[in-house]
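First the structure, in the form of C-alpha cells, and then the observations on it.
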Amino acid sequence: MAELTYREAVAAGIAQEMRRDPSLVMLGEDVAAAGGVFKTTVGLLDEFGPDRVRDTPISEQAILGAAMGASMTGVPVIAEIMFSDFLAVCWDMIANEIAKSRYMTDGQVSFPLVIRTANGGAARFGAQHSQSVENWAMMIPGLKVVAPSTPADTVALMAAAVRDPDPVIFFEHKSLFATKGEVPEVEVVGRLGEASIVREGSDATVAALALMVPRALEAADRLQQEEGISVEVIDVRSLVPLDTKTLLASVEKTSRLFTVEENPRLCGWGAELISIVGEEAFWNLDGPLVRITTPHIPLPAAASLEDLAIPSVDRIYETVKSSLR
Amino acid sequence: MYDYSSRPSRLPLPVDERMASADIDLGQRKSIYRSLQELRQFEKRAHDLFLQNLVKGTTHLSLGMEAVAAGFGAAMRPDDYTFATYRGHAHALARGMEMGPAMAELLGRSNGVLGGKGGSMHLTDVSRGMMGSYAIIGAHLCIANGAAWSAQMRGSGQVTVCFFGDGTTNIGAFHEALNMAKVWQLPVVFVCENNLYMEYTPIDLITAVPHPAADRAASYGLESVIVDGNDPDAVYLAAGKAIGRAREGGGPALIEATTYRTGGHSRADPAKYRPLEEVEAWAQRDPIPMYHARLLGLGVAEGELSSIERDVAADVDAATEFAKAGEEPTGEALLTEVYADGSSRWRN
Ligand SMILES: Cc1ncc(C[n+]2csc(CCOP(=O)(O)OP(=O)(O)O)c2C)c(N)n1
Ligand SMILES: [Mg+2]
C-alpha cells in the first residue's frame, strides 16, 4: 500500500494504463508540460513523451473530435476537459457524435475513449467553474459515467474506464484532489457498474457520489453516535452502468432511501435512483424517498453562500434525523 | 417580399479546356466516368423513391456536384479515410459502398448498410474507409483530425479526406479543426464543396470573405486552393497533389471546390431562392455531359460510354429491387448497439 492523494491517483491510474498499453495516448489543455491545471497529470510527459502526452490549443471541440476520430481508428485515448462546466462547449461532440455513432452505424464503430474532467464545487470558483454536471452525462444513451470518491477508486476506475470499449465520462472532483488514501502498489483494475457499500447500517440507506460520500459518512457517524440511527452509505461510483442490485438490496434491508446529490435539483441522478426504488421496491419502504440536493441555482462564489448551497454534513444529518423521527 | 432570386447571379467560370490534355490515364478517366454515372443515377433514383414516399424523412442530394466525390474517390487509396456530411451519398458510393445496401438504408430496411438505424444522413461503411456521414455542421472536421492523428501515430500512411459545405466555414469547429491540423501537421485534406448556398441563403451574404474556405486558408498557414469542382479531372489532380503531400508528411491541405447543386437543399425543395439565369448557366456546366464530350474527344467510343451508362442503370435497378425486397427492421434491432457489448443495458 502507498498513500496517495486523489490528484496523484489520477496520474497513477493513467500511468498504469499507459505502461500496459503502448498505444494509449492522452491530450488536453496544459496536460503535458504543466502537468495539468490541477496537477493531475504530473510526470506523464516525462515518462511517456510528447507523442503520447499532448498539449492542445483551447479547442474543446477539436480535443474531443481528435479523441473520437483516433479511438474509432484503433488508438485508445484519454482526453481532458479542464473543468466540467466547459463540457457545454463541446457537448455536440459528446451527446451527438461520440454517444450516437455506434448506434446509428449499427455497431460499425467503437470508441475506446475516456473523457476526464474536473467536476463539482466547494472550491469557491463561482458559477462557471463549479457545477456538478454528472447528470448531464448520465442522460445521454451511449455513454458510461463514473465519479470516484477515493484515491484507490480513482486508480481502479481509471483502469476500468480505459479498458472499456465504450466512451466513459470520468468525473474527478476538484475538492477531493487534496484528500489522501491508501492505494495498493500492485496493478489496480476496478469494474464499471459496481456501487460500493462504504458503511453498513440498518435504519436508512444514503446513496452518495464523489464529494458527497465523505460528507454522508460523517453524517452517518454522527447519526449513530448522537441519535442511535444506523445508516448504510452507498458510494454509487458508477452512474452508467448503474448498480441497481446493490441499491435495491440495501433498501430492502433498511426500508428508507436518501440520495445526496451535488448536482442542481432538477433531473439530478438521485431522481433516477428514487424512481427505480419507488417502482421496484415500493413495498419495502417505511417512509418517503428523500433527495438532498443543491437547490436549483447556479453556484455562488462566496464561501458562506456556496456552503449553504451544496449538501453539507449538517444538512444530511438533519434531513435523515427529522425524516426518521 | 424580399427574395434572393432577384440578386445578381453568380455564374460559373468556363471549362478549362487544357484539362483535356492533363496527364491522366485514360483507364482512370473511364472509371471516373463510371463513378459519375453511379452517383448521378443512384441519386436520381433516390429522389424518385423519395417522391414516391418510399424514402421517408429527408435526403440531401449531390446532383450536379458529383465531380468532387468522383475525382477524390479516384485519387484515394483503398485504406484512406473519408468523412462526409448528411449530403454524403456520393462520397459513400465513390468509396465503393454497395448500392443495394445504400439504397435499402434510404428506405429504412433491415438490409440497409446501417440496418435502418442511420438513414440517408449517416451512411457509413468502415470496411471501405467511409468513416461516416455527420449531420451536425462542423463536428466531423474535428473527428477527421482524430483519424488523421491516429494514422500519423500508427505510421500507416493513410490520409483522411473530409468534405463539407461552404456554410460550414462559419462555425467554430471549422476553425478549431484547421488550426489543430496545421499545428500537428496531420495527414488530412479538407474539401469545401462550395455550392454557393447554405441551405436557402447565398453564402456571400453571410460570410466575411468572398471565398469561404480559400480566403481563410492563410489564417492556418495553408495554401489557398480553389478548384473547378465541376471538372472531374481538375478535382482529381488537386486531390492527388494534396493527398500525396499529406501522405509524405507534408501536413494538411484545404481545397475549395466550386460547384452547384442542380436541385434543392433537401427533400423536395424547389430552390426558388436562386436566380433563374444562375441555375441555367450552371446547368450548362453539368460535369457529366462535359466529361462525356471530353472522353469522346480523347478517342473513347460512344458505344463504350453508353455501355457504362447501361451497366450502371442496371446496377441501380438491381439496388432498387434489393432495397424494396428488404424487410422493415423489427423491434429486435431497436435496443441493440448502444454499447460495445451489442446491448443498450445501462443497469444490472
Ligand atoms: C450546427 C448545425 N446548425 C445548423 C444545421 C442545419 N443545417 C443543415 S444543412 C445546413 C446548411 C449547410 O450548408 P453548407 O455547409 O454550405 O452545405 P451544403 O448543404 O450546401 O452541402 C444547415 C444550416 C445543422 N445541421 N447543424
Ligand atoms: Mg453549401
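Chains A and B, in that order, are what the protein sequence lines are. According to the working numbering, the stretch in the first sequence is residues 1 to 325, in order. According to the working numbering, the stretch in the second sequence is residues 326 to 673, in order. By construction, the Cβ of each residue, glycine as well, lies at the ideal position given by its N, Cα and C atoms.
| Item | Value |
| --- | --- |
| beta-carbon A460 (chain B) near ligand 1 non-hydrogen atom, thresh 7 Å | yes |
| Proximity test, F408 (chain B) beta-carbon vs ligand 1 heavy atom, cut-off 7 Å | no |
| Which of helix, strand or coil DSSP assigns to R116 (chain A) | strand |
| 3-residue-minimum beta strand (DSSP E) runs that sit fully inside the segment 348 to 429 of chain B, ordered along the chain | 406 to 410 |
| Pair within 8 Å by beta-carbon distance, I349 (chain A) and I169 (chain A) | Outside the shown range of chain A (1 to 325) lies residue 349 (chain A), about which nothing can therefore be said. |
| Inter-residue Cα distance where the pair is P512 (chain B) and M344 (chain B) | 27 Å |
| With 16 other Cβ atoms within 10 Å as the buried cut-off, status of S71 (chain A) | buried |
| Helix, strand or coil at S239 (chain A) according to DSSP, with G and I counted as helix | Per the sequence presented here, residue 239 (chain A) reads as Leu, with Ser not at that position. Three-state DSSP puts L239 (chain A) in a strand. |
| Which listed residue (B:L336, B:T494, B:D350 and B:A506) has its alpha carbon closest to that of T485 (chain B) | B:A506 |
| Cβ distance (whole Å) where R599 (chain B) is taken to contact T384 (chain B) below 8 Å | No, R599 (chain B) and T384 (chain B) are not in contact; Cβ-Cβ is about 19 Å, not under 8 Å. |
| A502 (chain B) versus C487 (chain B) - alpha carbon distance | 11 Å |
| Cβ pair I461 (chain B), D92 (chain A) closer than 8 Å | yes |
| Chain B contact residues for V240 (chain A), given Cβ-Cβ distances below 9 Å | W671 and R672 |
| Closer than 6 Å to ligand 2: residues, by C-beta to nearest heavy atom, in chain order | B:G490, B:D491, B:G492, B:N520, B:Y522 and B:M523 |
| Candidates A:S101, A:S130, A:G142 and A:V251, of which the one nearest E262 (chain A) by Cα | A:S130 |
| Cross-chain neighbours of E501 (chain B) in chain A, by beta carbon under 7 Å | S59, Q61 and A62 |
| Endpoints, beta strand (DSSP E) assigned at D55 (chain A) | V53 to D55 |
| Pairwise C-alpha distance: A99 (chain A) and H447 (chain B) | 14 Å |
| Cutoff 8 Å; reference A178 (chain A); Cβ partners in own chain excluding five residues on either side | T5, Y6 and R7 |
| Straight-line Cα distance separating R370 (chain B) from D553 (chain B) | 26 Å |
| Any non-hydrogen atom of ligand 1 within 7 Å of G463 (chain B) CB | yes |
| Proximity test, E518 (chain B) beta-carbon vs ligand 1 heavy atom, cut-off 7 Å | yes |
| Contact test: R412 (chain B) Cβ vs ligand 1 heavy atom, cutoff 7 Å | yes |
| Nearest residue (CA-CA) to R163 (chain A), options A:M1, A:V320 and A:E17 | A:E17 |
| beta-carbon H590 (chain B) near ligand 1 non-hydrogen atom, thresh 7 Å | yes |
| Check: H682 (chain B) C-beta below 7 Å from any heavy atom of ligand 1 | In the structure as shown, chain B starts at 326 and stops at 673, and residue 682 (chain B) therefore has no counterpart that could be examined. |
| C-beta contact flag for V53 (chain A) and L64 (chain A) at 8 Å | no |
| 7 Å Cβ cut-off: residues of chain B touching M68 (chain A) | I468 and G471 |
| Cβ pair L562 (chain B), A347 (chain B) closer than 8 Å | yes |
| Burial state of Y525 (chain B) (16 or more Cβ within 10 Å) | exposed |
| Chain A contact residues for E662 (chain B), given Cβ-Cβ distances below 7 Å | R102, Y103, D106 and G107 |
| Contacts around L388 (chain B), its chain only, beta-carbon distance under 6 Å, and the 5 residues preceding and following it disregarded | E368, T587 and G588 |
| Cut-off 6 Å between Cβ atoms - residues of its own chain near R402 (chain B), not counting five sequence neighbours on either side | none |
| Inter-stretch contact (C-beta, 8 Å, three-pair minimum) for the segment 530 to 547 of chain B and the segment 593 to 612 of chain B | no |
| 8 Å Cβ cutoff, T407 (chain B) in contact with chain A | no |
| Rounded straight-line distance, which links the Cα of L432 (chain B) to that of L379 (chain B) | 6 Å |
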